[in-house]
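Visitor: Once you know that position 248 of the sequence shown is 248 in full-length UniProt numbering, the rest is easy, because the numbers rise by one and skip nothing.
Even glycine gets a Cβ: it sits at the ideal position worked out from N, Cα and C.
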Amino acid sequence: MSATLRLGETIVKSTTCRVFLGGITLGASFAASAQTSTLELSGQLGAGLTYTGNQVHDSTSVQLTDNLIHSSAFRLRGEEDIGNGVKVLFRLESGVALASGTAGGKAAGGTTFWNRQSYVGVSSPWAGTLTLGRQFTASTDRAIRTLDVYQVDGSSLAVTPLALFGVNRFANNDTRSNNTVKYFVQMPGGIDAGVSYAPDDGISGKNYAAGLGYNAASFALGAIYTHYDDPTRIALNGMLPTCYLWGLGGYYVFGPVKTYVSWFDSSIDATVANHPAQTDHILDVGVSWQAGYRTILKLAYYNDRGSDLDGVTGRDGTKQTFVLSAEYSLSRRTSLYAAVFQNRFSNGYKLETVNLAALNRDPGSTTSTGASIGLRHVF
Numbered sequence: 001m002s003a004t005l006r007l008g009e010t011i012v013k014s015t016t017c018r019v020f021l022g023g024i025t026l027g028a029s030f031a032a033s034a035q036t037s038t039l040e041l042s043g044q045l046g047a048g049l050t051y052t053g054n055q056v057h058d059s060t061s062v063q064l065t066d067n068l069i070h071s072s073a074f075r076l077r078g079e080e081d082i083g084n085g086v087k088v089l090f091r092l093e094s095g096v097a098l099a100s101g102t103a104g105g106k107a108a109g110g111t112t113f114w115n116r117q118s119y120v121g122v123s124s125p126w127a128g129t130l131t132l133g134r135q136f137t138a139s140t141d142r143a144i145r146t147l148d149v150y151q152v153d154g155s156s157l158a159v160t161p162l163a164l165f166g167v168n169r170f171a172n173n174d175t176r177s178n179n180t181v182k183y184f185v186q187m188p189g190g191i192d193a194g195v196s197y198a199p200d201d202g203i204s205g206k207n208y209a210a211g212l213g214y215n216a217a218s219f220a221l222g223a224i225y226t227h228y229d230d231p232t233r234i235a236l237n238g239m240l241p242t243c244y245l246w247g248l249g250g251y252y253v254f255g256p257v258k259t260y261v262s263w264f265d266s267s268i269d270a271t272v273a274n275h276p277a278q279t280d281h282i283l284d285v286g287v288s289w290q291a292g293y294r295t296i297l298k299l300a301y302y303n304d305r306g307s308d309l310d311g312v313t314g315r316d317g318t319k320q321t322f323v324l325s326a327e328y329s330l331s332r333r334t335s336l337y338a339a340v341f342q343n344r345f346s347n348g349y350k351l352e353t354v355n356l357a358a359l360n361r362d363p364g365s366t367t368s369t370g371a372s373i374g375l376r377h378v379f
């Protein structure tokens with residue numbers, strides 16, 4: 001914020017405690033030991049009117065929805081400097097639905113309040129960062145940083161088709177990972193790497209993931225791998241279903257334009273005996289243009305060629321997603337947005353069950369088209 005308000009100051013034995021509002025930030029400074037602690041409340045809140053066509057029974061809908069391209073959330077984040085650059089940190093983050101006033105969301109085993117992240121960890125400038133709890137896998141971190149023009153941050157599958165891949169398909173399509181230990185380190189030469197592991201807890205299954213990145217002045221490259229095990233074996237044959245995703249790509253910056261190109265391969269075992277695994281090959285292309293001091297335009301195209309969809313032999317098809325958006329900044333923290341989107345389905349993809357349910361789509365249609373306009377505030 002442009003202004004900082006000091007609420008109070010108390011001095012006792014060379015120890016100074018200050019509380020500031022500025023997002024909200026609370027700080028404690030200890031002069032004797034040079035240790036500092038911070039606690040921050042931050043997030044982003046958005047809502048808009050969204051029109052969608054080709055719904056069930058060939059209907060249309062107009063609804064008040066979350067900001068389609070930046071999902072709403074609030075978070076508590078804190079850290080304590082314990083000396084020599086070493087910090088203890090934590091993060092608690094929950095999704096928010098402004099239209100209904102509810103918080104939290106789906107997770108492995110049902111729903112949870114801190115559905116987006118809940119972890120504690122330790123970091124240092126020379127040894128990296130170790131975090132423990134519910135969080136993104138290492139591969140998702142890399143995809144957000146490098147592989148997608150929208151940072152996989154949309155609130156609807158209509159504009160974020162990647163939200164179905166690299167997630168736990170055996171646990172409610174959970175986009176985060178429970179019981180996870182993650183390590184991230186930055187190395188010389190612009191290289192960074194992350195690995196994560198979650199043991200089987202009987203609810204979300206075991207998973208492991210890795211992400212590798214290279215960052216230069218005008219471009220970045222990334223590669224990812226994610227593997228999930230179903231927590232339950234198939235009774236008929238004892239098989240343990242698995243799903244995995246690998247991907248690679250990056251972006252290049254020239255002037256006000258940033259271009260993205262990425263490729264992903266996914267395999268999802270059927271949870272019914274004697275059914276084939278679903279495979280998907282996904283092309284992700286995007287462009288971001290800073291069209292002025294206040295305006296940013298983005299365009300994305302996703303092409304998903306799926307085979308044996310839903311574990312049904314011969315159910316093959318293609319899903320194409322087009323997204324065009326514009327954001328206009330009213331201030332440093334508040335912006336207006338407008339977006340148009342279309343999903344096209346061919347052959348067997350018209351009957352793919354996850355998209356039918358998530359988009360409330362008419363199975364007889366080949367397209368689902370919509371538009372949204374709304375407001376977003378970052379605090």
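Expressed to the nearest angstrom, what Euclidean distance is found between the alpha-carbon atoms of leucine 212 and tyrosine 293?
Guide: Counting from 1 along the sequence shown, the entry for residue 212 is found at position 212. Counting from 1 along the sequence shown, the entry for residue 293 is found at position 293. Those two C-alpha atoms are separated by around 33 Å.
Visitor: May I have the straight-line CA-CA distance separating glutamate 80 from glutamine 342, to the nearest angstrom?
Guide: Indexing the sequence shown from 1 puts residue 80 at position 80. Indexing the sequence shown from 1 puts residue 342 at position 342. Distance between the alpha carbons of glutamate 80 and glutamine 342 is about 46 Å.
Visitor: Among all the DSSP beta bridges, which residues are the ones paired with glutamate 93?
Guide: Residue 93 sits at position 93 when you count from the first residue of the sequence shown. BP columns for glutamate 93 point to Arg75, Gln117.
Visitor: Quick check: what's the CA-CA separation for serine 123 versus isoleucine 373?
Guide: By 1-based counting over the sequence shown, the position of residue 123 is 123. By 1-based counting over the sequence shown, the position of residue 373 is 373. Spanning the two alpha carbons is a distance of roughly 40 Å.
Visitor: Per DSSP, what kind of secondary structure is alanine 338 in: helix, strand or coil?
Guide: Numbered from its first residue, the sequence shown carries residue 338 at position 338. Alanine 338: strand per DSSP, three-state reduction.
Visitor: Using a threshold of 8 Å, state whether the C-beta atoms of alanine 210 and asparagine 179 are closer than that.
Guide: As a working mapping, residue 210 is identified with position 210 in the sequence shown. As a working mapping, residue 179 is identified with position 179 in the sequence shown. Cβ atoms of alanine 210 and asparagine 179: not closer than 8 Å.
Visitor: With a cut-off of 8 Å, do at least 3 Cβ pairs link the region 183-198 to the region 83-97?
Guide: Contact fails: fewer than three Cβ-Cβ distances are below 8 Å.
Visitor: Between alanine 371 and the rest of its own chain, which residues show a CB-CB distance below 8 Å, the 5 nearest in sequence each way excluded?
Guide: Here residue 371 refers to the residue found at position 371 when the sequence shown is read from its first residue. Only Thr50, Tyr51, Ala338, Ala339, Val340, Phe341 meet the Cβ criterion.
Visitor: For aspartate 284, list the residues DSSP reports as bridge partners.
Guide: Counted from its first residue, the sequence shown places residue 284 at position 284. Partner(s): Ser262, Tyr302.
Visitor: According to DSSP, which residues form a beta bridge with leucine 130?
Guide: Looking up residue 130 in the sequence shown gives position 130. DSSP, once it has assigned bridges, lists Val122, Tyr183 as partnering leucine 130.
Visitor: Any idea what DSSP makes of asparagine 84, helix, strand or coil?
Guide: The sequence position of residue 84 within the sequence shown is 84, counting from 1. Coil.
Visitor: For the beta strand (DSSP E) containing residue 449, name the first residue and the last one.
Guide: Lying outside 1 to 379, the shown extent of the chain, residue 449 is not represented and no answer is given.
Visitor: Counting along the chain, where does the beta strand (DSSP E) carrying threonine 271 start and finish?
Guide: As a position in the sequence shown, residue 271 is number 271, starting the count at 1. From DSSP, threonine 271 is part of no beta strand (DSSP E); its letter is neither H nor E.
Visitor: Decide if the region 329-338 is in contact with the region 347-362; the criterion is three or more beta carbon pairs, one per stretch, under 8 Å apart.
Guide: At 8 Å Cβ cutoff, the stretches do not touch.
Visitor: Which word fits leucine 64, buried or exposed, when buried means at least 16 other C-beta atoms lie within 10 angstroms of its C-beta?
Guide: Walking along the sequence shown from the start, residue 64 turns up at place 64. Exposed is the call here.
Visitor: Which of the three DSSP states is assigned to glycine 23 in this structure?
Guide: The count along the sequence shown starts at 1 and reaches residue 23 at position 23. Note that glycine 23 scores 39 on pLDDT, short of 50, meaning its location in the model is unreliable; the coordinates nonetheless yield the value given after this. Of the three classes helix, strand and coil, the one that applies to glycine 23 here is coil, per DSSP.
Visitor: What's the call for alanine 32, buried or exposed, on a 16-neighbour Cβ count within 10 Å?
Guide: Position 32 of the sequence shown, counting from 1, holds the residue named residue 32. Here alanine 32 scores only 38 on pLDDT, less than 50, and its place in the model should not be relied on; the value that follows carries that caveat. Label assigned to alanine 32: exposed.
Visitor: How would you write the range of the beta strand (DSSP E) that aspartate 192 sits in, first residue to last?
Guide: Within the sequence shown, the letter at position 192 stands for residue 192. Counting along the chain, the beta strand (DSSP E) containing aspartate 192 begins and ends at 191-198.
Visitor: Look at the alpha carbon of valine 312 and the alpha carbon of arginine 77, and state the distance between them as a whole number of angstroms.
Guide: Within the sequence shown, numbered from 1, the residue matching residue 312 stands at position 312. Within the sequence shown, numbered from 1, the residue matching residue 77 stands at position 77. Cα to Cα, valine 312 sits roughly 44 Å from arginine 77.
Visitor: Kindly list the residues whose CB is nearer than 6 Å to the CB of arginine 233, restricted to its own chain and excluding five residues on each side of it in sequence; keep chain order.
Guide: Locating residue 233 in the sequence shown gives position 233, where the first residue counts as 1. Within the same chain, arginine 233 has close Cβ partners Leu240.
Visitor: In this structure, does DSSP put asparagine 178 in helix, strand or coil?
Guide: Taking the first residue of the sequence shown as 1, we reach residue 178 at position 178. Reduced to three states, the DSSP call for asparagine 178 is strand.
Visitor: Label tryptophan 114 either buried or exposed according to how many other C-beta atoms from any shown protein chain fall within 10 Å of its C-beta, with 16 as the threshold for buried.
Guide: Here residue 114 is taken as the residue at index 114 of the sequence shown, counted from 1. Buried, because 16 or more other Cβ atoms sit within 10 Å of the Cβ of tryptophan 114.
Visitor: Taking 8 Å as the threshold, find out whether the region 272-281 comes into contact with the region 291-308 through three or more Cβ pairs.
Guide: Judged by Cβ distances under 8 Å, the region 272-281 makes contact with the region 291-308, as three or more pairs qualify.
Visitor: Rounded to whole angstroms, how far is the Cβ of serine 204 from the Cβ of alanine 171, which I believe are closer than 8 Å?
Guide: Here residue 204 refers to the residue found at position 204 when the sequence shown is read from its first residue. Here residue 171 refers to the residue found at position 171 when the sequence shown is read from its first residue. Yes, they are in contact, since the Cβ atoms of serine 204 and alanine 171 sit about 4 Å apart, within 8 Å.
Visitor: So which of Ser177, Ile224, Tyr214 has the shortest CA-CA distance to lysine 206?
Guide: Working through the sequence shown from its first residue, we reach residue 206 at position 206. Answer by Cα proximity: Ser177.
Visitor: What three-state label does DSSP hand aspartate 308 in the structure shown?
Guide: Looking up residue 308 in the sequence shown gives position 308. Note: aspartate 308 maps to coil in three-state DSSP.
Visitor: Do glycine 43 and alanine 73 have their beta-carbon atoms positioned less than 8 Å apart in this structure?
Guide: Counted from its first residue, the sequence shown places residue 73 at position 73. Counted from its first residue, the sequence shown places residue 43 at position 43. In this structure, glycine 43 lies closer than 8 Å to alanine 73 by Cβ.
Visitor: State whether the region 309-329 contacts the region 265-275, with contact taken as three or more CB pairs (one from each stretch) at a distance under 8 Å.
Guide: Yes: the two stretches touch, three or more of their Cβ pairs being nearer than 8 Å.
Visitor: With a 10 Å radius around its C-beta and 16 neighbouring C-beta atoms as the bar for buried, classify phenylalanine 254 as buried or exposed.
Guide: Taking the first residue of the sequence shown as 1, we reach residue 254 at position 254. So phenylalanine 254 ends up on the exposed side.
Visitor: How big is the Cα-Cα spacing for aspartate 265 and glycine 249?
Guide: Counting from one through the sequence shown, the residue named residue 265 turns up at place 265. Counting from one through the sequence shown, the residue named residue 249 turns up at place 249. The straight-line gap from Cα to Cα measures roughly 12 Å.
Visitor: Using DSSP with H/G/I as helix, E/B as strand and the rest coil, what is lysine 319?
Guide: Against the sequence shown, residue 319 aligns to sequence position 319. Three-state DSSP puts lysine 319 in a strand.
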